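A short worksheet on the structure shown next.
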Amino acid sequence: MAEVRRAAEILRAGGLVAFPTETVYGLGADASNAAAVARLYAAKRRPADHPVIVHFSSPEAAFSWAREIPEAARKLAGEFWPGPLTLVLKRSAKAKDFVTGGQDSVGLRVPSHPVARELLRAFGGGVAAPSANLFGRVSATTAAHVKEELHVDLVLDGGASEVGIESTIVDLSGREVMLLRPGGISKAELEKILKIKDKQSGSPRHSGGLERHYAPRTPALLVPPHALDAAIAKRAATVAVLAFSRPDERVDYWIRMPREPRAYAQKLYAALRELDGAHCGAILVESPPDTAEWDAIRDRLSRAAG
Ligand code: TXA
Ligand code: MG
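Take the sequence shown: its position 55, counting from 1, is numbered 65 in my numbering, and each next residue is one higher.
Structure representation (C-alpha cells):
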C-alpha cells in the first residue's frame, strides 16, 4: 500500500502518523527520535513524564528493547503476540527516558492489525504510540474519530478496531508478575499461562491508572440495573443512556449495548462519543455484571465516570 510507505517515510522524518490497531487507533512517532516523541506528547496534550508503549513488527525486535526477558515474557509473547497484549520489561539502552517517562522499564507490544503490521514492517524500528485521542479522553476506534480530535501528518484508515478497548498490560519488570491494566486479553486467558497478581497502589505510574480517564465531556454516571428506571424518571429530558435493555420512550438518546463483553467492548468508545455528541446533562450507563469477563469494561466505565 503506497499510503503505508508514505506513512513510514513520515515517521522516519520525525512526523506523526495515526494508524489502526486491533485495540484502538494509535498515534505513532519514531520511538528513537526525542523530537518526534515530544511532538507526540504535544499533539495529545499529554504530560511528558508518562511512559508510552513501543510497537514492533516482531517479538524479536520488541525484545531487543528489553535487557532481561523472563521466561514468563517469552511464554506470554508466544501465546498472545501479535495481539492486544503489552509487556512491561526492564529496558535496554534502546529505550530512552523520553519513551519510558524516566522509568527503568519499557512497555512493548506487537499488534496484530494488518495495517499496523505493514506499517511497522515498512518503518523497521520501534513506533511509540499512545492511543490517538486527547489526553484523558475516550480512545478512538475509527479513523474519523481520530481526525475529529487530532491534527497529524497522516491518518491511516484500517476500519473500526475489532477489540475496541486498549491492550492488557502485564508488568514483568519486578519480582512479581502484575496486571497493570485489564484489556483485550482477559486475566483468565493469561492465567492459563501463568499466575498474575492484580495491580497494587504504588506500582509504576501509568496514565490509564489515573482516576478520571477514558472520559467523555458529558458527566457519566454508572447506574445499577435496578436503579436505572428511577434515575431516568428523575431527569428523563436531560440524559443520554447506554444500557442493555430496549430504549425507554422518555429518553431521546439511547444506545442499546450487547450482553456479551467482547461485542460490548467493540462498541463502547464509539457509543460514548456518540452520546457525548448529544450534549445532554449526563450519560447514564447501566453497570455491567460483576463478573471477571467484564473486568476490562468495568475498569473503563468506572474511569469514564470518574
Ligand atoms: O491498546 C493499546 O495499548 C493502545 C494501542 C495504540 O497500542 N495504546 C495505548 O497507549 O493504550 P496509551 O499510552 O494510551 O496507554 C498506555 C498505558 C499508559 O497508561 C502508560 O502509562 C502505560 O501504558 N505504560 C507504558 N509504558 C509503561 C511502563 N514502562 N510501565 C508502566 N506503565 C506503562
Ligand atoms: Mg490512552
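Where a beta carbon is used, it is the ideal one built from N, C-alpha and C, also for glycine.
Predicted model only: the values in this text are computed from it and were never measured.
Ala246 versus Pro268 - alpha carbon distance: 23 Å
If Leu130 sits next to His65, beta carbons under 8 Å apart, how far is it from one beta carbon to the other, in whole angstroms? 6 Å
Verify whether the separation of the beta carbon atoms of Leu232 and Ala253 is less than 8 Å. no
First and last residue of the uninterrupted beta strand (DSSP E) at Phe29: Val27 to Phe29
With a threshold of 7 Å (Cβ to nearest heavy atom), would Pro140 be considered close to ligand 2? yes
Could you check where the beta strand (DSSP E) with Tyr224 kicks off and where it finishes? No beta strand (DSSP E) contains Tyr224, which DSSP labels as neither H nor E.
Asp305, buried or exposed, once every other Cβ within 10 Å from all chains shown has been counted against 16: buried
Whether Ala302 touches Ala150 by CB criterion (8 Å): no
Please tell me whether, using a cut-off of 7 Å, the distance from the CB of Asp239 to the nearest non-hydrogen atom of ligand 1 is below it. no
What ranges does the beta strand (DSSP E) occupy inside the stretch 233–264, keeping only unbroken runs of at least 3 residues that lie completely in it? 249–253
Closer than 7 Å: Ser177 CB and nearest ligand 2 heavy atom: no
Nearest by alpha-carbon distance to His236: which of Ala72, Val295, Asp262 and Asp181 is it? Val295
Who are the Cβ neighbours of Pro94 in its own chain at under 7 Å, not counting the five residues just before and after it? Glu32, Thr33, Val173, Ser177, Thr178, Gly193, Gly194 and Ile195
Given that a residue counts as buried once 16 or more other Cβ atoms are within 10 Å of its Cβ, and exposed if not, what is Thr248? exposed
DSSP state of Asp309 mapped onto helix, strand, coil: helix
Can you tell me which of the three DSSP states Gly168 falls into? coil
For ligand 2, I want to know if Ser297 counts as a neighbour, meaning its beta carbon is within less than 7 Å of at least one of the ligand's heavy atoms. no
Excluding five sequence neighbours on each side, which residues of the same chain lie with their C-beta closer than 7 Å to the C-beta of Pro257? Trp264 and Arg266
Once you ignore the five residues that flank Arg313 on each side, which residues in its own chain have a CB closer than 6 Å to its CB? His223 and Tyr224
Tell me whether Ser312 counts as near ligand 2, meaning its Cβ is closer than 7 Å to at least one heavy atom of that ligand. no
Comparing the CB of Ser171 with every heavy atom of ligand 2, is any distance shorter than 7 Å? no
Taking DSSP's pairing of strands, which residues face Ala292 in a bridge? Val249
What distance in whole Å lies between the Cβ atoms of Ser102 and Arg119, which are believed to be in contact at a cut-off of 8 Å? About 16 Å; that fails the 8 Å criterion.
For His65, which residues does DSSP report across the bridge? Arg119 and Val137
Is Ser115 near ligand 1, with its Cβ less than 7 Å from a heavy atom? yes
Quick one: residues in its chain with C-beta nearer than 6 Å to the C-beta of Thr152, no 5 flanking neighbours on either side, listed in chain order? Ala170
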